[in-house]
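Visitor: My questions will all concern the structure given below.
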């Protein structure tokens, strides 16, 4: 009977030809195979999005709010030699994979159709590239359009039996290009009868087979390089094509292999699980590029990875899997400085074969190492050594460097010959990168940005491609941009979408006059308090202000007022997202890269004097002994009476004749802060030191004039104490309200092993002892580290101790147990950052949480999610570190510039000692630098290194010995460091 | 890694090529099981269910537990075939199916004129043959058809569909958040969605198990009610062709 049948008759579907299904098979993690069936609805109303086409405009889809997406592709696209009528580009997957940097160039590559087939393949191959491609489609200026060819009936392609998926996709791309060409000529014909110029739709592919098939079908097609050579600035652009693709083809003919093969992923995974292999992040020693180390969870101490072969193409920062070598191959960590440029100066980037992976000189250096190690009978010297067997995740980024002059064959600028050159990265831990370029002559002496594309087994160095030139070496602009790129600092101006989030009143914005205004809801009126701010001179982003007054009961009321940034930056808008990306404001010597737009940071949020500002206030009642009676948090409105610099405030406090309320308030604060400070030290807070200098620049040109060490005044610590107190109070409150999601900051206790070396050095050289059982013990023992003849010695030890510490980090309360919250350096149980929301994103999040904790406003859902907060913490930890690094690098650059051409004699101290050199620290300029034996005299003098006593006896003409902590006089000159192209301070022993 | 729902704003196309307000292909048959009092077979995309109605008949247990005095009891049983999902499973469903059973039973108890059949039971059993999203909606629609086939009086069709909110809940700009009608399995996993069942203009079933932003719900409901109307038209068409053939 018919009606029993469940079979679908096509008659019932009214012959729907627009339904298709996608069937594919995939295997799951557990190894099972799944067959997946998906429906596919084919349609005819997917527009071509060309402004030439009217027919498509009529069928263009509307969204829920009846809006039509604007058409993207220009009606007069740019032309080229081959296509004078203009062209739309349709790149295939490989074109995007190899040439993404090209497509991102602002001046070329407009009007691009991204096919769905291609988009899907790109996503399969590389997520980062996929995200970059999506970002391109959102960039209005670039006119990238995603055409869903798989859903359009005319361009949908069914995979034939026996056809590979790649062939099918290539066919889909060709079909889409064909359709586009046809469609456009129809569209132009419909527009006007007269012959008009019809843009060609050009397929871009590097697949020879695909090109051929396209040609035979009459489809315009070009390879990426063919297309680029038709453009104006072809030479520059051609270099940006990723080298990976081309190389692969040439490769197959060559047989020589430099490096062992990686294990398969499954072998590594089982090995890691079984504990025979170990996974961790590969780190290269900044002193010795052949020595890497890796910290793995299984061991307390890091494993050593020595030599190029053992590090097997891992680049510093990669996540790798290692295998521990047999004990007879264990080695001691190097006591020698090995720099790449001295050993491999003469490598030729063009020649690959005929050389071993370890060059003769490298081998000799290693042999000497081994001999030295074997010569020492001391026990436990050789350390567990491992070799890299596979890479889990590459952490390659873009690297800044310069072209090695010696690797350039012809330096003439007119030569357009393509040649292979070395890019020497600024980061010494990164190997040289081989780059193919046609503009070698021009790139010499420039800061260049490049990326690594691949590192095959048969290539000694990784292969990469040129991205862009930053400018002349040593020019301020290029060097600043270089260090921003190197530390991954977002320095581009804020996009419009971010600036749109600012209050429309702009600089005219004022605290509403009427108390009934919604802005006043829940705010305390603290405008009559005598509030003032104390900051470094010239500070414009004033985060914090203070006040203190005596209460009738004899106690004091102290208030810390923090800029109410969270009022202006609402969660999840474009501005918030940008800020959370940037994470922190970065301070360079001559430049500040803001986290928030100027309008907020330096005006509306900034607690400027004499104007009313919104604030987030912490109020304490404190006894004369600086015991806290109570604490209260509230949103408020304040009016700062004065903005002092540290020095001005100090002068005012010290001036007895000033007896006004404001000055007396500051005196109260000063008195309380000293007591608070003492309490903190009693609890075991550390007083650490880091070499801090300030570069004085000429105001107009910002050319460096002089270098000074920073002075610390009492007022510095006044502000610091109350900020710490506020942070601690807020941390407690936030944790109480959100035990799972409060954003806190912790500082882990350093593992004992970190102090082993310093402890040993102090014991051997000075007979001092360092105790690390608690922060209190450490603080006390650091206090005893004094050399009466040398007042600076204590600071030196503190600097060295600081380097043994863990770095503090942001975390989300739910991810750690309460005892782990401890801030070791401050000796506080719980801590967060609250007091600088203008320049740190963590503080902004803390503000939002505190506002919710005091029921001022509901908490945004994003702050409820632990996973999201952990992501934020990870990012801001990284940004924070990078910002510090960038700041230091900037100072280093300016110190180098300030000392340019000078010749000064200064005192220095020996901080670290190697068998063929030593590191000297000069406190006057806060610089430390390496002095190698070969810098002392040529030929390199013989020397005897006593590792146990940290003494290096230099023989020969020099005939003197240097030891650790010794005070030496050095001559300071400057030179350009060859390996990095940075101008650096050069020290020579006098 | 195929594309996911985040591509929707790029071209206003969903993962399977539909627009925001399009239903999947619905195919339905009634009287597919001669031995039953009423039966139906329904496909919404790749979701396939078969529904069989027995009764009204005298209930097994005298007490008529679960039903009000003087009214028929509506019993629902849902069986999920082991092969219906992506992976073969031996015992599928338990809490989920009993929740769906309960939902169907309450919905139809108030829809059917149960007071006409005191002391009796109407039992609906549903077999899920293939799952690809909107499962509860498909069950409701199939049951409606089977009950009509069984000739049990009711006031109107109870039809159902699902609606999702296209943007993820974290992004705050409402401009890009179209409500999406009739989800397939993949979309259900990625987006917050609700199942809505309507009798005419009146909402009789509403199920929302994910977090959605308050301001989006209204739009979703409006689209859902509209979707239910369209489903009703399709089901009505199926019933009428059947009527012509056999009536």
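Residue numbers (the UniProt record's numbering), protein chains in the order written: chain P, 1 to 990; chain G, 1 to 247.
All residues carry an ideal CB built from backbone N, CA and C; glycine is no exception.
It should be emphasised that the depicted structure is a prediction, and the values quoted were computed from it without experimental measurement.
Can you tell me the Cα-Cα spacing of residue 840 of chain P and residue 616 of chain P, whole angstroms?
Guide: Residue 840 of chain P and residue 616 of chain P: Cα-Cα distance of roughly 15 Å.
Visitor: Beta carbon of residue 724 of chain P: closer than 7 Å to some heavy atom of the ligand NAP?
Guide: In terms of ligand content, the structure shown is empty, and the ligand NAP therefore cannot be addressed.
Visitor: Could you tell me which chain P residues have their CB closer than 9 Å to the CB of residue 46 of chain G, listed as they occur along the chain?
Guide: In chain order: 21, 37, 38, 39.
Visitor: When we look at the beta-carbon of residue 503 of chain P and count the other beta-carbons within 10 Å, is it buried (16 or more) or exposed?
Guide: Exposed, since its Cβ has fewer than 16 Cβ neighbours within 10 Å.
Visitor: Beta-carbon separation of residue 282 of chain P and residue 332 of chain P under 8 Å?
Guide: Not in contact: residue 282 of chain P and residue 332 of chain P (Cβ atoms no closer than 8 Å).
Visitor: Three-state secondary structure (DSSP) at residue 82 of chain P?
Guide: Correct three-state label for residue 82 of chain P: coil.
Visitor: If you measure from the beta carbon of residue 86 of chain G to each beta carbon in chain P, is any gap under 8 Å?
Guide: Yes, its Cβ sits closer than 8 Å to a Cβ of chain P.
Visitor: Please name the residue, chosen from P:173, P:884, P:742, P:849, that lies closest to residue 118 of chain P on a Cα-to-Cα basis.
Guide: The residue with the shortest Cα to Cα distance from residue 118 of chain P is P:173.
Visitor: Along the region 200-230 of chain G, what residues have a CB closer than 7 Å to any CB found in chain P?
Guide: Listed by position, the residues of the region 200-230 of chain G near chain P (Cβ gap below 7 Å) are 219.
Visitor: Could one say the Cβ of residue 54 of chain G lies closer than 8 Å to chain P's Cβ atoms, at least one of them?
Guide: No, no contact with chain P.
Visitor: When the cut-off is 8 Å and only beta carbons count, does residue 119 of chain P lie next to chain G?
Guide: Chain G contact via Cβ: present.
Visitor: With a 10 Å radius around its C-beta and 16 neighbouring C-beta atoms as the bar for buried, classify residue 176 of chain P as buried or exposed.
Guide: Classification of residue 176 of chain P: buried, given that the 10 Å Cβ count is 16 or more.
Visitor: Quick check on the DSSP output: the alpha helix (DSSP H) that includes residue 621 of chain P runs from which residue to which?
Guide: Here residue 621 of chain P belongs to no alpha helix (DSSP H); instead the beta strand (DSSP E) covers 612-622.
Visitor: Thinking residue 194 of chain G and residue 241 of chain G are a contact (beta carbons under 8 Å), I'd like their distance in whole angstroms, please.
Guide: With 8 Å as the limit, residue 194 of chain G and residue 241 of chain G do not qualify as a contact, their Cβ atoms being about 31 Å apart.
Visitor: Between which residues of its own chain and residue 83 of chain P is the CB-CB distance below 8 Å, once the five residues before and five after are set aside?
Guide: Once the five neighbours on either side are set aside, the close Cβ partners of residue 83 of chain P are 199, 200, 202, 220.
Visitor: Per DSSP, residue 469 of chain P forms a beta bridge with which residues?
Guide: DSSP, once it has assigned bridges, lists P:448 as partnering residue 469 of chain P.
Visitor: Kindly indicate which three-state DSSP category residue 33 of chain G falls into: helix, strand or coil?
Guide: Correct three-state label for residue 33 of chain G: coil.
Visitor: Give the straight-line distance between the Cα atoms of residue 782 of chain P and residue 518 of chain P, rounded to the nearest whole angstrom.
Guide: The straight-line gap from Cα to Cα measures roughly 54 Å.
Visitor: Identify every residue that forms a DSSP beta bridge with residue 525 of chain P.
Guide: Answer is P:637, bridged to residue 525 of chain P.
Visitor: From the DSSP secondary-structure annotation, give me the bridge partner or partners of residue 943 of chain P.
Guide: Answer by DSSP bridge pairing, in chain order: P:954.
Visitor: So, is the C-beta of residue 64 of chain P closer than 8 Å to a C-beta in chain G?
Guide: Interface residue, yes.
Visitor: Whether or not the region 508-518 of chain P and the region 586-594 of chain P are in contact is what I'm after, with contact meaning three or more pairs of Cβ atoms, one per stretch, closer than 8 Å; do they touch?
Guide: No contact exists between the region 586-594 of chain P and the region 508-518 of chain P.
Visitor: What would DSSP say about residue 643 of chain P, mapped onto helix, strand or coil?
Guide: The answer is strand: DSSP assigns residue 643 of chain P an E or B state.
Visitor: Determine the contact status of residue 237 of chain G and residue 196 of chain G, defining contact as a CB-CB distance below 8 Å.
Guide: Not in contact: residue 237 of chain G and residue 196 of chain G (Cβ atoms no closer than 8 Å).
Visitor: Give me the chain G residues within the contact set of residue 146 of chain P, using Cβ-Cβ distance strictly less than 8 Å, ordered along the chain.
Guide: Under the 8 Å cutoff, chain G gives 7, 10, 11.
Visitor: Enumerate, from N- to C-terminal direction, the unbroken beta strand (DSSP E) stretches of 3 or more residues contained entirely within the region 211-299 of chain P.
Guide: Correct list: 277-284, 291-295.
Visitor: Nearest to residue 294 of chain P by CA position, among P:215, P:631, P:386, is which residue?
Guide: Per the Cα distances, P:386.
Visitor: Which value, in whole angstroms, describes the spacing of the CA atoms of residue 469 of chain P and residue 448 of chain P?
Guide: For residue 469 of chain P and residue 448 of chain P, the distance between alpha carbons rounds to 4 Å.
Visitor: Could you say if the region 901-909 of chain P and the region 917-925 of chain P meet the contact criterion of at least three C-beta pairs nearer than 8 Å?
Guide: They touch, by the three-pair rule.
Visitor: I'd like the ranges of any beta strand (DSSP E) spanning at least 3 consecutive residues and lying wholly in the region 140-212 of chain G.
Guide: If we require 3 residues or more, the beta strand (DSSP E) runs fully inside the region 140-212 of chain G come out as 158-165, 179-181, 193-199, 202-208.
Visitor: From this set, P:902, P:987, P:887, P:893, which residue's C-alpha is nearest residue 933 of chain P's C-alpha?
Guide: Nearest of P:902, P:987, P:887, P:893 to residue 933 of chain P, Cα basis: P:987.
Visitor: Spell out a yes or no on whether the region 29-40 of chain G and the region 52-71 of chain P are touching, meaning 3 or more CB-CB pairs, one atom from each, closer than 8 Å.
Guide: Short answer: they don't touch.
Visitor: Let me know if residue 610 of chain P comes out buried or exposed under the rule of 16 or more other beta-carbons within 10 Å of its beta-carbon.
Guide: Flag for residue 610 of chain P reads exposed.
Visitor: So, at 6 Å on beta carbons, what are the nonlocal neighbours of residue 558 of chain P in its own chain, with the 5 sequence-adjacent residues on each side left out?
Guide: Only 548, 620, 622 meet the Cβ criterion.
Visitor: What residues from chain G crowd round residue 741 of chain P, counting only those whose CB sits closer than 8 Å?
Guide: In chain order: nothing, as chain G lies at least about 15 Å away.
Visitor: Nearest-angstrom Cα distance between residue 898 of chain P and residue 480 of chain P?
Guide: Cα to Cα, the separation comes out at about 15 Å.
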